[in-house]
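Okay, structure first, notes after.
Residue numbers (our numbering): 176 to 323.
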């Protein structure tokens, strides 16, 4: 019985999964920043592939579902904190841009811990340029994106 109690205590101490982050902030804090107000969990729902990123590597697979986000198979709780703004495992995640057909998105942490561009197919075409322009406007250092 003591072993079971000890095992349960140790399981409760396990760290919750977290999103990776860059060692140096990726965004100029003096630049304007916003999230896209019409982004909902429903629009994000389904599978995505990171095509460029810092803090997340290109090729990483994401899945959004009601109340959860999975990164390469690791599930994390997802909670809406405002229009186009989420907490993933308690960490800030803003959707800066999502195209009208929900195919490509520019995603980041306004504090500069991580930023990435994701696409449903992994081949965003001309939408990649639009996503990069939005991120640049919001002060992200695009030279630090892997996959660019």
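Every residue, glycine too, gets a C-beta built ideally from N, C-alpha and C.
task: Take residue 238 as the anchor and find which of 312, 230, 287, 293 has the nearest alpha-carbon.
output: 293
field: C-beta atoms of residue 233 and residue 316 nearer than 8 angstroms
entry: no
- prompt: Which stretch, first to last residue, makes up the alpha helix (DSSP H) that contains residue 134?
  reply: It is not possible to answer for residue 134, since the shown part of the chain is limited to 176 through 323.
- request: Would you mind working out which of 217, 203, 193 sits nearest residue 231, comparing C-alpha positions?
  value: 193
- request: Have a look at residue 205 and residue 295 and give me their C-alpha separation to the nearest angstrom.
  value: 31 angstroms
- request: Return helix, strand or coil for residue 141, following the three-state DSSP convention.
  value: Past the boundaries of the shown model lies residue 141; the chain is included only from 176 to 323, so the question cannot be answered.
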